[in-house]
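S.K.:
In our numbering, the protein residues as written are 91 to 531.
Quick look at the structure:
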């Protein structure tokens, strides 16, 4: 697994077509020597390149379940499943059925990440109330420094703000992620109630996207993640589907299953789809936005102070939210309908299995351990004078380029090409159009 990011390239499949380069929202990809390369410092793991590459040369790097379970031999194996996984099966399998089958794949205990979402939304709601109370004595300029609050449940959005919109960092909800909150609850439950040593606990997250994998191997606001490893939803899907097709539906659980499975209230479950988190905030003046380009548009508007009267912004990189993640399988529209069924089934689950349900008040919210580190990807130089000189050089070089943004040079645009030239990453001779024009002259 890569140390910095979870999006990688299969060189043998790449034909250098520039589709990924032109489609990357942060211009993190260049084509050099006929192959795409990713600038780690600009990559935010949005997986847009994975979605659009026609040759499937971009992949999400995750661990395989079999090798991780083998590595965890002798440990207490815990699975945390994204709530998106419950929307991935077209049969009548209940949330409990899915959890039971995940356990059959080799885990001792299974926890629903919705548990952490419930705790996160509850704490964010309280944080909003406190900030609104404090805002009563603030000027309009001071209010614009903290409102709207921006959700941090999507790690792509946080990395985007860290890199490109640092003025908006004060708007971020500084709560630990739902995944980490779920992991902390799982550890507390196993250690305090079941007397299991913390050193024996091995937590595997079944993830709907590479960005969440990156948030585990390279966390931004904490020193070390509580998660031991990550596998993709698509990797476990075939085995899980096979187990679900064989499972017998019962209205009762064994004693071991009652101890091993924990689920959330519906407020956490609905957060798998865009809008679910905002609904849980119990306010009217919220904004929900999905899709990386749409998220960028909204962040631009907030940065310009054009978003007024909005208290909370729920932003998701993937269309539909986590149910539309690149490591999921089901069509996102069908997944929304399936998720809605599970939310409606909660009251039956509560009647049949009340002992499995974790209430939002049982989750202890955690704030960030660390401030977001600097990301200098957008800086031309650490020295202001040198940076200004480079800006002038970029403008001069850009004026000599054709302004077609054709991508033939391997950069996504002529402006990006001019920057690469100034930074010593490319030569002006890489511009094919300019070379042809010079020959004609």
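For glycine and all other residues, C-beta sits at the position ideal for the given N, C-alpha and C.
In this text, all values refer to a predicted model and were calculated from it rather than measured experimentally.
Less than 8 angstroms between C-beta atoms, sequence neighbours within five positions excluded: which residues of the same chain meet that for residue 439?
M.R.: 184, 185, 186, 353, 446 and 447
S.K.: Excluding the 5 residues preceding and the 5 following residue 92 in the sequence, name in chain order all residues of the same chain whose CB lies nearer than 7 angstroms to its CB.
M.R.: For residue 92, the predicted structure reports a pLDDT of 42, less than 50, and the residue's modelled location is therefore unreliable. The matter cannot be settled from this model.
S.K.: To the nearest whole angstrom, what separates the beta carbons of residue 144 and residue 402, a pair I think is in contact under 8 angstroms?
M.R.: Incorrect: roughly 38 angstroms between the Cβ atoms, too far for contact.
S.K.: Cα-Cα, which of 149, 471, 514 and 469 is closest to residue 487?
M.R.: Out of 149, 471, 514 and 469, 514 has the C-alpha closest to the C-alpha of residue 487.
S.K.: Between the C-alpha atoms of residue 337 and residue 509, what's the straight-line distance to the nearest angstrom?
M.R.: The C-alpha of residue 509 is placed about 58 angstroms away from the C-alpha of residue 337.
S.K.: According to DSSP, simplified to helix, strand and coil, what is residue 516?
M.R.: Residue state for residue 516 is assigned as coil, using DSSP reduced to three classes.
S.K.: Across the stretch 251 to 265 and the stretch 408 to 417, are there enough close Cβ pairs to call them in contact, namely three or more that are closer than 8 angstroms?
M.R.: no
S.K.: Measure how close the beta-carbons of residue 207 and residue 361 come, nearest whole angstrom, since I'm counting them as under 8 angstroms.
M.R.: Indeed they touch by this definition, with Cβ atoms about 4 angstroms apart.
S.K.: Per DSSP, residue 176 forms a beta bridge with which residues?
M.R.: Answer is none; residue 176 lacks a bridge partner.
S.K.: On the DSSP letters alone, give me the boundaries of the beta strand (DSSP E) that residue 122 sits inside.
M.R.: Unbroken beta strand (DSSP E) run through residue 122: 119 to 122.
S.K.: What residue does the alpha helix (DSSP H) around residue 125 start on, and which one ends it?
M.R.: Run containing residue 125: none in the alpha helix (DSSP H); it sits in the beta strand (DSSP E), 125 to 128.
S.K.: Quick one: grab the DSSP three-state call for residue 204.
M.R.: helix
S.K.: Hey, is residue 326's beta-carbon within less than 7 angstroms of any beta-carbon in chain B?
M.R.: Protein chain content of the structure displayed is limited to a single chain, and chain B is not contained in it.
S.K.: What did DSSP end up calling residue 189 once you bin it into helix, strand or coil?
M.R.: helix
S.K.: Can you give me the Cβ contacts of residue 233 inside the same chain, cut-off strictly under 6 angstroms, excluding the 5 residues immediately before and after it?
M.R.: 225
S.K.: By the DSSP assignment, the alpha helix (DSSP H) with residue 380 in it spans what residues?
M.R.: Here residue 380 belongs to no alpha helix (DSSP H); instead the beta strand (DSSP E) covers 376 to 380.
S.K.: Between the Cα of residue 367 and the Cα atoms of 194, 340, 243 and 216, which residue gives the shortest distance?
M.R.: 243
S.K.: Would you identify the three-state DSSP class for residue 94, choosing helix, strand or coil?
M.R.: Judged by DSSP in its simplified three-state form, residue 94 adopts coil rather than helix or strand.
S.K.: Grab me the residues of residue 248's own chain with a C-beta within less than 6 angstroms of its C-beta, minus the 5 sequence neighbours each way, in chain order.
M.R.: 242
S.K.: Less than 7 angstroms between the beta carbons of residue 194 and residue 333, yes or no?
M.R.: yes
S.K.: For residue 170, report the span of its beta strand (DSSP E) as first-last.
M.R.: For residue 170, the uninterrupted beta strand (DSSP E) segment begins and ends at 166 to 171.
S.K.: Quick check: residue 292 and residue 126, are their CB atoms within less than 7 angstroms of each other?
M.R.: The answer is no: Cβ separation not under 7 angstroms.
S.K.: In the DSSP assignment, find the unbroken beta strand (DSSP E) run with residue 322 in it and report its ends.
M.R.: From DSSP, the beta strand (DSSP E) with residue 322 extends over 319 to 322.
S.K.: Just how far apart, CA to CA, sit residue 264 and residue 272?
M.R.: 16 angstroms
S.K.: Residue 240 and residue 260: beta carbons closer than 7 angstroms?
M.R.: no
S.K.: Pick out the complete beta strand (DSSP E) segments inside the stretch 332 to 418, 3 residues or longer, and give them in chain order.
M.R.: 351 to 354, 376 to 380 and 402 to 406
S.K.: Taking one C-beta from the stretch 205 to 221 and one from the stretch 377 to 385 each time, how about it: are there three or more such pairs within less than 8 angstroms?
M.R.: Cβ pair count under 8 angstroms is below three, so no.
S.K.: Suppose you measure from the CA of residue 109 to the CA of residue 340; what does that come to, to the nearest Å?
M.R.: 49 angstroms
S.K.: From residue 529 to residue 146, what does the alpha carbon distance come to, in whole angstroms?
M.R.: 37 angstroms
S.K.: Which residues in the same chain as residue 517 place their Cβ atom closer than 8 angstroms to its Cβ, once the five residues preceding and following it in sequence are excluded?
M.R.: 511
S.K.: Let me know if residue 289 comes out buried or exposed under the rule of 16 or more other beta-carbons within 10 Å of its beta-carbon.
M.R.: exposed
S.K.: Report the partner residues of residue 297 according to the DSSP bridge assignment.
M.R.: 322
S.K.: Residue 277 lies in the alpha helix (DSSP H); which residues open and close that run?
M.R.: 268 to 278
S.K.: Does the beta-carbon of residue 257 have 16 or more other beta-carbons within 10 angstroms, so that it is buried, or is it exposed?
M.R.: exposed
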